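My numbering puts the sequence shown at residues 237 to 623.
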Amino acid sequence: MNQKFEIPSRLLMGPGPSNVPSSVLEALSSPTIGHLDPAFLEVMDQVQEMLRAVLLTDNPFTIAVSGTGSAAMEAAVDNLVEPGDRVIVGVNGVFGTRLVDMAGRAGAEVEAIEADWGTPIPVEAIEAALKRNSVSMVMLVHGETSTGVMQPIEGVGDLCHEHGAMLLLDCVTSLAGVPVRIDDWGVDVCYSGAQKCLSVPPGVSPLTFSERALEKLENRGSKVASWYLDMTMIRNYWGEKRAYHHTAPINMVYALHEGLRLILEEGLENRWDRHRRHAAALQAGLQAVGWEPFVDEAWRLHPLTTIRPPAGVDEKEFRGRLLQEHDIEIGAGLGPLAGEVVRVGLMGASSSPESVLRFLSATESLTGAVSGVATNAAEQLLNRQEA
Ligand SMILES: *Cc1c(COP(=O)(O)O)cnc(C)c1O
Numbered sequence: 237m238n239q240k241f242e243i244p245s246r247l248l249m250g251p252g253p254s255n256v257p258s259s260v261l262e263a264l265s266s267p268t269i270g271h272l273d274p275a276f277l278e279v280m281d282q283v284q285e286m287l288r289a290v291l292l293t294d295n296p297f298t299i300a301v302s303g304t305g306s307a308a309m310e311a312a313v314d315n316l317v318e319p320g321d322r323v324i325v326g327v328n329g330v331f332g333t334r335l336v337d338m339a340g341r342a343g344a345e346v347e348a349i350e351a352d353w354g355t356p357i358p359v360e361a362i363e364a365a366l367k368r369n370s371v372s373m374v375m376l377v378h379g380e381t382s383t384g385v386m387q388p389i390e391g392v393g394d395l396c397h398e399h400g401a402m403l404l405l406d407c408v409t410s411l412a413g414v415p416v417r418i419d420d421w422g423v424d425v426c427y428s429g430a431q432k433c434l435s436v437p438p439g440v441s442p443l444t445f446s447e448r449a450l451e452k453l454e455n456r457g458s459k460v461a462s463w464y465l466d467m468t469m470i471r472n473y474w475g476e477k478r479a480y481h482h483t484a485p486i487n488m489v490y491a492l493h494e495g496l497r498l499i500l501e502e503g504l505e506n507r508w509d510r511h512r513r514h515a516a517a518l519q520a521g522l523q524a525v526g527w528e529p530f531v532d533e534a535w536r537l538h539p540l541t542t543i544r545p546p547a548g549v550d551e552k553e554f555r556g557r558l559l560q561e562h563d564i565e566i567g568a569g570l571g572p573l574a575g576e577v578v579r580v581g582l583m584g585a586s587s588s589p590e591s592v593l594r595f596l597s598a599t600e601s602l603t604g605a606v607s608g609v610a611t612n613a614a615e616q617l618l619n620r621q622e623a
């Protein structure tokens, strides 16, 4: 009972969490100080500034929610949906389904626009729904981590605003892995998570509201149902008043600070490009030994590949042995994709040529593929990308 844990070293190539760089772990283990200590307030100011730079927004209300991505999702929904509001939710996977659940719990009348798992929500369907009814918000998942689909967003913000609706975007898996341009796209509400492409342990989550969203928050007719996530109070802690609401997860905020610093040091464009190149190499390698990508290339989400194993490969046994014998974690298929595909993440620090090659080499040995076929295909592509 009173022995310390021995945590194994894993290569995290699932749908999150991703591997955490050592400097982020070091930041996490810095001394805990008070949540109103001027030094900590300075850390918070810098986190807000770096979050705006990573989200490509000037929104003054840009903070880190105390909790994982789902807490930030709930904060977005609970604060900006009032009982009786009509909202549209794009549903083509697990996280759209979760948004429907949350919006319903917040008292919204929800219209789900569905698309097949593995395809994006057609913009025409969003437009048609906006024309049918007056709605207060459209909610979309940018990177659907359950299917590996990236939702096209350009033009959707304007479309929503023309119809008097706000746009909410779930960027938990997309932020810092693919382009996310909050202001250019006219996104009113966006949240993310720490443990996907930011490569920070789970526990704090970015959240940003546009002026339009703040106006909705300020003009609510009822209190926000959640006390813990009530942004009418929390904005006073992140803002000038510095009023105590709940004790911030101090060390998690240090970790986020370091994670954001690393992202800006690398450069957003470089980081997006890194995710794109390594996903392509992974897919080339797996295709060379008979695996089939589940999602059309046009809307593949670079940080997360869903892929069908060749006949004769038991995906569950494959995942189990990958973890037990090779210390590599990947994800199972979800919902209708359970048993059909596996989900291989290359997020944040986990997105490297070394991850791709180590995974492919393990795959060759576990599936009886000819040694070198997958790794050579990936290496050739990586070399071409270099040239
Ligand atoms: C992971 C994820 C979430 C939920 O985040 P948690 O950190 O697991 O609470 C929400 N949306 C998407 C798209 C995700 O990938």
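Just so it is clear, CB atoms sit at the ideal spot from N, CA and C, and this is done for glycine as well.
The model shown is predicted, which means the values in this text are computed figures rather than measured ones.
Are the CB atoms of residue j and residue i within a distance shorter than 8 angstroms?
i      : j      : result
Leu366 : His399 : yes
Val460 : Asn315 : yes
Val301 : Ala289 : no
Val327 : Ala307 : no
Ile299 : Trp527 : no
Ala491 : Val260 : yes
Val408 : Leu291 : no
Ala244 : Gln431 : Residue identity check: residue 244 is Pro in the sequence provided, not Ala. No, they are not a contact pair.
Gly379 : Ser410 : yes
Met249 : Gly569 : no
Thr542 : Leu518 : no
Val279 : His493 : yes
Arg456 : Asp424 : no
Leu443 : Ile499 : no
Tyr427 : Gly303 : no
Val531 : Gly332 : no
Gly521 : Leu596 : yes
Among the residues of its own chain, which have a CB less than 8 angstroms from the CB of residue i, if the five just before and after it don't count?
i      : result
Val317 : Val323, Ala339, Ala342, Gly343, Ala344, Ser372 and Met373
Asp394 : Gly422
Gln523 : Pro529 and Ala613
Arg594 : Leu247, His562 and Ile564
Val489 : Phe276, Val279, Met280, Val283, Ala300 and Val440
Thr268 : Ile486 and Asn487
Could you tell me which residues DSSP puts in a beta bridge with residue i?
i      : result
Ala348 : Val325
Ala568 : Val578
Phe445 : Val425
Leu299 : It should be pointed out that residue 299 corresponds to Ile in this sequence rather than to Leu. For Ile299, which the question treats as bridged, DSSP gives the partners Leu443.
Pro529 : Ile543
Gly379 : Met386
Met237 : Its beta-bridge partners do not exist; DSSP assigns none.
Asp406 : Val377 and Tyr427
For residue i and residue j, I'd like the C-alpha separation in whole angstroms.
i      : j      : result
Ala515 : Arg536 : 9 angstroms
Leu618 : Ala412 : 21 angstroms
Ala574 : Val549 : 14 angstroms
Pro356 : Leu403 : 16 angstroms
Glu553 : Ala401 : 47 angstroms
Leu559 : Leu602 : 11 angstroms
Val436 : Ala263 : 10 angstroms
Gly584 : Arg471 : 29 angstroms
Ala351 : Ile362 : 11 angstroms
Trp508 : Met309 : 23 angstroms
Ala610 : Val385 : 24 angstroms
Glu533 : Asp294 : 32 angstroms
Pro189 : Lys240 : No answer is possible for residue 189: the residues shown for the chain start at 237 and end at 623.
Gly495 : Arg368 : 43 angstroms
Val359 : His397 : 14 angstroms
Asp321 : Ser458 : 12 angstroms
Asp420 : Asn255 : 30 angstroms
Leu376 : Glu390 : 12 angstroms
Val606 : Thr383 : 29 angstroms
Ser591 : Glu615 : 12 angstroms
Ser586 : Glu451 : 39 angstroms
Glu242 : Glu476 : 43 angstroms
Ala547 : Val525 : 11 angstroms
Gly608 : Glu505 : 32 angstroms
Tyr464 : Val313 : 13 angstroms
So, for residue i: in the same chain, excluding its five sequence neighbours on each side, which residues have a beta-carbon less than 6 angstroms away from its beta-carbon?
i      : result
Thr483 : His271
Thr381 : Pro251, Thr409 and Leu540
Gly567 : Gly250, Pro251 and Arg579
Which same chain residues, not among the five before or five after residue i, have their C-beta less than 7 angstroms away from its C-beta?
i      : result
Val346 : Val323, Val325, Val336, Ala339 and Gly340
His538 : Gly413, Val414, His511, Arg512 and Ala515
Pro545 : Trp527, Glu551, Phe554 and Val578
Ala598 : Leu558, His562 and Ile564
Gln621 : Arg513
Glu576 : Arg544 and Gly569
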